[in-house]
Structures are given as structure tokens and as C-alpha cells.
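I have placed the structure first, in the form of C-alpha cells, so that the comments after it can refer back to it.
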């Protein structure tokens, strides 16, 4: 009964912003890009070997009269060290993230400011994933909470505190349950995008950091531990330098830091330190 109340509250928060399509029709600004990441030192829980991955990314960000939208889809292709079910090729994963922000100032006519904070938002969203391994995860997560938007000279810095609720699936024989509903947990999310110049070179420093609290027991009844994930990159506006077109082609390097991946601990592959090469084509 308590879980059903949590679910209704999360769904209500998620629906506050309406649909992405409806908001996009009234967009006051937007940015879309196709991205690519490549690295050879990714990891997966229970797997002691480094994994090579190619990641194709689509990202949409837009603002409208009451707030803003963020949508990201990653398509990840592993090499054979992270095998698909059957073991004949590397696994393929799709991971979808959507976040919506309602801005206090746009709702009530005056921004809610204090100290370094220039605005406060109510945020909601979801994560969905699927991967064709023997484990066969199917993550479904809803979250909602306040976001503090900091006053920076250029770009953005957002700090959010989310209430999160997650469901998932395990198709592997070692799992005691096929479907699992984790305990609700909190997520601290820091996201940033900061443009700057070095000797007239247009650059940006961007990324996010998540800290997830414990979410109860896993598929085998083991207690989960807090999880940390950071993805960040330092990018150069290569298109501006090459043919004078601003914010079109970006190239740079990134880094993925992951601890206690998915709440797992005490086994191989739960910690990641993966440098990456990255490209973005904006349109």
C-alpha cells in the first residue's frame, strides 16, 4: 500500500511538465546533437575484464514558457568481453533519460533567488533501459524533487535532490527473483555546462554527477550500497576553428567514474575509471 502511494506521487510529479512534444511546440530555445563516445576501460558487475564500448548518443535540450526539457538516448555497443545472450557478439544496450523542469519564476512572475541561487525549479523525469545480455535488465525509474539553479557568468550549474523509485528485471539463473522493486532512495544530482576560452580557443566543460543512496536488497537478497556516477568531458569547438560555424562540431576527451555500479559491491567490475574520446554534432 505504501509503495502504491509512492508510485502515485511520482507519476503526478512526472506529469507536471506535460509531454515533450507539447512543450517543444512552444519552445523558446532548443539545442539538439548527435554524439559519439569511445573507450576501452568500461566495466560491468561480475566481469573482471575491461570492456571496449562505442556509444552513439542523441540529446535534445529546450526551454519553453514555464521551464525546460532534457532528453538523452544512449545506444551502447560492447565488444565480446561483455557478451550478448548466447555469447556470439558483444552486448547492445539502449538507455533513455528524460527530465523536465518547472521554473518558479516562470510560474509566479518572479524568480526565487537567494545567495548564489538564481532560480528554483521542480524537476521530474524517468530513466528506461534494456540490454540483450543473459541478465536482460529492463530498468524503469521515476524521480522528482527540487532543483537549485546557480548564477554563473556563462552556461549553467544545477543541483537537484530527487526522490527516486526503481524497478528492474533479471533473466539470469543466479537471480532469486525475475522482477524486483527496489526500496525508494534519494539521488543527489549535479549537472553543469560551462563555456570558456583559452587563448581564444572556444571550449566547454560539461557533465553530471549522481550520488544514489541505498535501495534495499538486490536480486539475490544482498544489501545494496550507495552508488556514485560521474561523466564529464572537456570539449573544443572544432567547427568554429575549422570553418567559423559556432556550436556545430565539438571534439574532446571525457571520463567516466562509477563506484558500486547499480548498488553492487564486493565483486569485480563494480568500479569504473574510463577515459573516453568524444564528438558532438549540433543542429
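In mature numbering (1 follows the signal peptide of the UniProt record, and there is no 0), the protein residues as written are -26 to -1, 1 to 257. Heads up, the beta-carbon is just placed ideally off N, CA and C, and yes, glycines get one too. As the structure is a prediction and not an experimental result, all values here were calculated from the model.
Query	Result
Under a Cβ-count criterion, where at least 16 other Cβ atoms within 10 Å of its own Cβ denotes burial, should residue 156 be classed as buried or exposed?	buried
Express the C-alpha separation of residue 88 and residue 63 in angstroms, rounding to a whole number.	53 Å
Could you say if the stretch 84 to 99 and the stretch 46 to 53 meet the contact criterion of at least three C-beta pairs nearer than 8 Å?	no
Got a sec? Which residues, its chain only, sit under 7 Å from residue 149 by beta carbon, not counting five neighbours each side?	193 and 194
Could you tell me the distance, in whole angstroms, from the CA atom of residue -5 to the CA atom of residue 20?	Unreliable positioning characterises residue -5 in this predicted model, as indicated by a pLDDT of 47, which lies under 50. A coordinate reading is not provided.
For residue 24 versus residue 66, is the C-beta spacing smaller than 8 Å?	no
Is there contact here, the stretch 131 to 144 with the stretch 161 to 168, by at least three beta-carbon pairs under 8 Å?	yes
Three-state secondary structure (DSSP) at residue 80?	helix
When the Cα atoms are used, what is the spatial distance from residue 248 to residue 16?	6 Å
State yes or no: is the C-beta of residue 7 within less than 8 Å of the C-beta of residue 232?	no
Who are the Cβ neighbours of residue 187 in its own chain at under 6 Å, not counting the five residues just before and after it?	159, 160 and 200
Pull up the distance between the alpha-carbon of residue 175 and that of residue 250, whole angstroms please.	21 Å
State the Cα-Cα distance for the pair residue 207 and residue 172, rounded to the nearest angstrom.	16 Å
In the DSSP assignment, find the alpha helix (DSSP H) that holds residue 212 and state where it starts and stops.	212 to 217
Pull up the CB-CB distance for residue 189 and residue 237, whole angstroms please, since I reckon it's below 8 Å.	6 Å
So, residue 72 versus residue 93, is the Cβ gap smaller than 8 Å?	no
Nearest to residue 112 by alpha carbon, out of 119, 146, 216 and 218?	146
Alpha carbon to alpha carbon, how far is residue 217 from residue 119? Give it in angstroms, no decimals.	42 Å
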